[in-house]
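Undergrad:
In our numbering, the protein residues as written are 17 to 75.
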């Protein structure tokens, strides 16, 4: 079985785990905070655990 073809019972759990991981991303938190602050977000396009400095969107 290929990794993309999971058992029916495993699918929802896998989707839930990936969705929850979004909340840990720096860009997700920046987007949410920018929305609450009513300002444009400054995304750094970094992945979870990436410590490199990214460039701001549009800079």
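Idealized CB from N, CA, C, for every residue including glycine.
This one's a predicted model, so the numbers in the text were calculated from it and none came from an experiment.
1. Thinking residue 46 and residue 59 are a contact (beta carbons under 8 Å), I'd like their distance in whole angstroms, please.
2. Since residue 26 is in the alpha helix (DSSP H), which residue starts that stretch and which ends it?
3. Three-state secondary structure (DSSP) at residue 61?
4. Can you list, in chain order, the residues of its chain whose CB lies under 8 Å from that of residue 50, leaving out five sequence neighbours each side?
5. With DSSP as the reference, label residue 54 as helix, strand or coil.
TA: Quick answer:
1. Position 30 of the chain shown, counted from the first residue, corresponds to residue 46. Position 43 of the chain shown, counted from the first residue, corresponds to residue 59. Indeed they touch by this definition, with Cβ atoms about 6 Å apart.
2. Locating residue 26 in the chain shown gives position 10, counting from the first residue. Unbroken alpha helix (DSSP H) run through residue 26: 26-38.
3. Against the chain shown, residue 61 aligns to sequence position 45. It is coil, neither helix nor strand.
4. Translated into positions along the chain shown, residue 50 becomes position 34. Answer for residue 50: 56, 57 and 58, listed in chain order.
5. Here residue 54 is taken as the residue at index 38 of the chain shown, counted from 1. Reduced to three states, the DSSP call for residue 54 is coil.
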